[in-house]
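There are 2 protein chains.
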Amino acid sequence: MNLSDMNIAVVGSGAVGGYYGGMLAHAGCKVRFLMRADLAAVRERGLTIHTHGETVEVPRVDAFGTTAEIGPVDLVIIALKTTANAALEELLPPLLGEKTALLTLQNGLGNEEFLAERWGGERVMGALCFVCLNRTAPGVIDHFDAGSISVGEFRRPASPRVQAVVDAFGRAGIESRAVENLVTERWRKLLWNIPFNGLSIAAHGATVADVLADDGLRKVARDLMDEALDAARRLGHEIPDAFADHQIDRSYSMKRYKPSSMIDWQEGRPVEVEAIWGEPWRQGVAAGATMPRLEMLYRILQQATKGRHA
Amino acid sequence: MNLSDMNIAVVGSGAVGGYYGGMLAHAGCKVRFLMRADLAAVRERGLTIHTHGETVEVPRVDAFGTTAEIGPVDLVIIALKTTANAALEELLPPLLGEKTALLTLQNGLGNEEFLAERWGGERVMGALCFVCLNRTAPGVIDHFDAGSISVGEFRRPASPRVQAVVDAFGRAGIESRAVENLVTERWRKLLWNIPFNGLSIAAHGATVADVLADDGLRKVARDLMDEALDAARRLGHEIPDAFADHQIDRSYSMKRYKPSSMIDWQEGRPVEVEAIWGEPWRQGVAAGATMPRLEMLYRILQQATKGRHA
Numbered sequence: 001m002n003l004s005d006m007n008i009a010v011v012g013s014g015a016v017g018g019y020y021g022g023m024l025a026h027a028g029c030k031v032r033f034l035m036r037a038d039l040a041a042v043r044e045r046g047l048t049i050h051t052h053g054e055t056v057e058v059p060r061v062d063a064f065g066t067t068a069e070i071g072p073v074d075l076v077i078i079a080l081k082t083t084a085n086a087a088l089e090e091l092l093p094p095l096l097g098e099k100t101a102l103l104t105l106q107n108g109l110g111n112e113e114f115l116a117e118r119w120g121g122e123r124v125m126g127a128l129c130f131v132c133l134n135r136t137a138p139g140v141i142d143h144f145d146a147g148s149i150s151v152g153e154f155r156r157p158a159s160p161r162v163q164a165v166v167d168a169f170g171r172a173g174i175e176s177r178a179v180e181n182l183v184t185e186r187w188r189k190l191l192w193n194i195p196f197n198g199l200s201i202a203a204h205g206a207t208v209a210d211v212l213a214d215d216g217l218r219k220v221a222r223d224l225m226d227e228a229l230d231a232a233r234r235l236g237h238e239i240p241d242a243f244a245d246h247q248i249d250r251s252y253s254m255k256r257y258k259p260s261s262m263i264d265w266q267e268g269r270p271v272e273v274e275a276i277w278g279e280p281w282r283q284g285v286a287a288g289a290t291m292p293r294l295e296m297l298y299r300i301l302q303q304a305t306k307g308r309h310a
Numbered sequence: 311m312n313l314s315d316m317n318i319a320v321v322g323s324g325a326v327g328g329y330y331g332g333m334l335a336h337a338g339c340k341v342r343f344l345m346r347a348d349l350a351a352v353r354e355r356g357l358t359i360h361t362h363g364e365t366v367e368v369p370r371v372d373a374f375g376t377t378a379e380i381g382p383v384d385l386v387i388i389a390l391k392t393t394a395n396a397a398l399e400e401l402l403p404p405l406l407g408e409k410t411a412l413l414t415l416q417n418g419l420g421n422e423e424f425l426a427e428r429w430g431g432e433r434v435m436g437a438l439c440f441v442c443l444n445r446t447a448p449g450v451i452d453h454f455d456a457g458s459i460s461v462g463e464f465r466r467p468a469s470p471r472v473q474a475v476v477d478a479f480g481r482a483g484i485e486s487r488a489v490e491n492l493v494t495e496r497w498r499k500l501l502w503n504i505p506f507n508g509l510s511i512a513a514h515g516a517t518v519a520d521v522l523a524d525d526g527l528r529k530v531a532r533d534l535m536d537e538a539l540d541a542a543r544r545l546g547h548e549i550p551d552a553f554a555d556h557q558i559d560r561s562y563s564m565k566r567y568k569p570s571s572m573i574d575w576q577e578g579r580p581v582e583v584e585a586i587w588g589e590p591w592r593q594g595v596a597a598g599a600t601m602p603r604l605e606m607l608y609r610i611l612q613q614a615t616k617g618r619h620a
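Protein chains in written order, with my numbering: chain A, 1 to 310; chain B, 311 to 620.
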């Protein structure tokens, strides 16, 4: 499998899809984008990515308004918000050939399962994106920090096709690596997202610096990590205590960073409550974990974001 | 002790002080009010209380801008927000004669202790107000629901002076009763205020009906009650489980009622975070209780209301 010979579709071309898909296109991959709001602008002016002080221009972009126009591809990169997953039921079928692979770049837990249940687990890969992006105008993406991607198979060790995806991202200038256990990596990322994204909304706009500066709130953040850590271990993921400590320590350098969920919340957009809090809580409880803080945070966030539609 | 012969001062003449003090004045008690924002209006037009479809006018009100002008009295009724307690250090001394009694109508835990530490426990009484009030204009108070008051001594059984206060409120048309253990009553009230006032802010404006309508959030409210119940019992207060159940059941009739803390929060005023969440959490933890939900709620509310000054 070599991505430069393959047809790739990107479904969900917001900041994440536009950035990772745009960088692949810029490196010569054949990428077709499903777009809604930005379709006309991107057809006219292409994609512009501001990254590390440089500007990457992708002047000619294959952008489409429906997946029927795109047709079957070898790889579908899914970058929709998880709150819009129901839309995939109609969006994906036109893209699927017999061997089409699915790669979800989405946040939290439950997305690989969603795809596997509908279109077969053997198609499914997943990736974690560690990246700070902003879509600043139609077709214009600001990439202002990090950017690495970790790619793995669904419930299997990394495979040659995972390595092909990793290589393609690498050639596109994106730090990338294959992971042997995708779900373990998802739990490691959740250890940070659960407290920092969640408390930022519940405490009405608390930045990372706010949480860390308040002894009481920092302890609550660490307690939430411990609940997630216990759940992850019961589910078979070996994550050491030191990793949780490191998640707190490394956060000091983020200063007044606003977690992505807080920005979603402030801008009136749907928040990925089920993927980041609901599903980890349900899975942890099913494995026998006691998670009173996560349960309360989940219920608070559900209520606070009610009525926001994808 | 007969309140109709006594000089009474009301410190903190917002809705609570204006209502209870105004009703006593209307019934013939000699009440002097410390006022700030409403001073000029009340000197000119008196107090107006809309209650149960009637209007109670108190045309001539003794209102003062400083406690030095009021001078020593027999009874001080304290109705300041607990977030302004520090101001009492300067406000109270001019009102104190050798036997001046202090009656705090304030919310939550720690207020009697605050007074006792500074001016002696033998002066201190406390009361719980079950009342829905709104100050709608300077000197104008809307009394739209309930109104009863429960009065007790600080760390002693009810005394003759408690009965005198109860009788005076009764003659003023306010349902009142003496309680043998004031702190037990405070915990019983907190069982409701901790979850419903707290979740209303953390979940960004959840009314009583919102909390009850969501199975998950209602369970969290009940779990918070159980934490408070365990703390109260460890501190020697006998409150049955059935009382907590009743607090949920009776809440259905409140419908879309906004807890007072939610209104404070929405109007940018200080929220009584320490009295309602901080002090109960500290006392419960000191008694050996495990209160992860209350701790998290307290820390979230502290952060959410930071920078609001009394």
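We put the CB at the ideal spot given by N, CA and C, even for glycine.
Query	Result
For a cutoff of 8 angstroms on Cβ pairs, would you count A:ALA231 as touching chain B?	no
If you follow the alpha helix (DSSP H) that A:ASN193 is in, where does it begin and where does it stop?	182-202
By Cβ distance, which residues of its chain are closer than 8 angstroms to A:ILE248, with the 5 residues on each side in sequence left out?	LEU212, ARG218, ALA221, ARG222, MET225
Just the C-alpha distance for A:GLY198 and A:ASP210, rounded to the nearest angstrom, thanks.	13 angstroms
Determine whether the beta carbon atoms of A:VAL31 and A:GLY21 lie at a separation below 8 angstroms.	yes
Using a Cβ cut-off of 8 angstroms, which residues of the stretch 586-610 of chain B contact any Cβ in chain A, in chain order?	PRO602, ARG603, GLU605, MET606, LEU607, TYR608, ARG609, ILE610
I'd like the ranges of any alpha helix (DSSP H) spanning at least 4 consecutive residues and lying wholly in the stretch 582-609 of chain B.	589-596
State whether the stretch 179-187 of chain A contacts the stretch 148-161 of chain A, with contact taken as three or more CB pairs (one from each stretch) at a distance under 8 angstroms.	yes
Using 8 angstroms as the cut-off, can you tell me whether the stretch 60-75 of chain A makes contact with the stretch 88-97 of chain A, which would need three or more C-beta pairs spanning the two stretches below that distance?	yes
Examine the ligand GTP and report whether any of its heavy atoms sits within less than 7 angstroms of the Cβ of A:ALA289.	The ligand GTP is absent from the structure shown, which contains no ligand whatsoever.
Which residues, in order along the stretch 514-525 of chain B, keep a beta-carbon less than 7 angstroms from a beta-carbon of chain A?	HIS514, ALA516, ASP520, ASP524
Does A:ILE239 come out as helix, strand or coil in the three-state DSSP assignment?	coil
Taking A:ALA209 as part of the alpha helix (DSSP H), name the residues at either end of that continuous run.	208-213
Buried or exposed for B:GLU422, please, with buried defined as at least 16 other CB atoms from any protein chain shown within 10 angstroms of its CB.	buried
Residue range of the beta strand (DSSP E) that A:SER159 falls in?	From DSSP, A:SER159 is part of no beta strand (DSSP E); its letter is neither H nor E.
Which term fits A:GLN106, buried or exposed, when burial requires 16 or more other beta carbons within 10 angstroms of its beta carbon?	buried
Count the other CB atoms, across all protein chains shown, that sit within 10 Å of the CB of A:ASP145; report buried if there are 16 or more and exposed otherwise.	exposed
Apart from the five residues on each side of it in sequence, which residues of its chain come closer than 8 angstroms, Cβ to Cβ, to A:CYS29?	LEU3, SER4, MET6, ILE8, ALA168, ALA172
Would A:LEU191 count as contacting chain E if we go by Cβ distances under 8 angstroms?	In the structure shown, chain E does not exist; the protein chains are A and B.
From the DSSP output, in three-state form, read off B:ASN317 for me.	strand
Under 8 angstroms between C-beta atoms, does A:ASP223 make it to chain B?	yes
Under three-state DSSP, which class holds B:LYS409?	strand
Could you check whether A:GLY18 and A:ILE141 sit closer than 8 angstroms to each other, using their CB atoms as the reference points?	yes
If I'm right that B:ASP348 touches B:PRO505 with Cβ under 8 angstroms, what's the distance once you round it to whole angstroms?	Not a contact, Cβ separation roughly 33 angstroms.
State the Cα-Cα distance for the pair B:LYS565 and A:ALA244, rounded to the nearest angstrom.	42 angstroms
Would you mind telling me which residues of chain B sit closer than 7 angstroms to A:ALA202, beta carbon to beta carbon, in chain order?	ALA512, ILE610
Would you mind listing the beta strand (DSSP E) stretches within the stretch 323-387 of chain B that are 3+ residues and don't spill past its ends, in chain order?	340-344, 357-361, 364-368, 372-374
For B:HIS514, is the classification buried or exposed, using 16 other Cβ atoms within 10 angstroms of its Cβ as the cut-off for buried?	buried
Examine the Cβ distances between the stretch 606-614 of chain B and the stretch 284-301 of chain A and report whether three or more of them are shorter than 8 angstroms.	yes
Given that A:GLN303 touches chain B, what residues does it touch there, using C-beta distances under 7 angstroms?	ALA513, ALA516, ASP520, ASP524, LEU527
Per DSSP, which one or two residues make a beta bridge with A:SER150?	A:LEU128, A:ARG177
Between B:MET601 and the rest of its own chain, which residues show a CB-CB distance below 7 angstroms, the 5 nearest in sequence each way excluded?	GLU537, ALA541, TRP591, GLY594, VAL595
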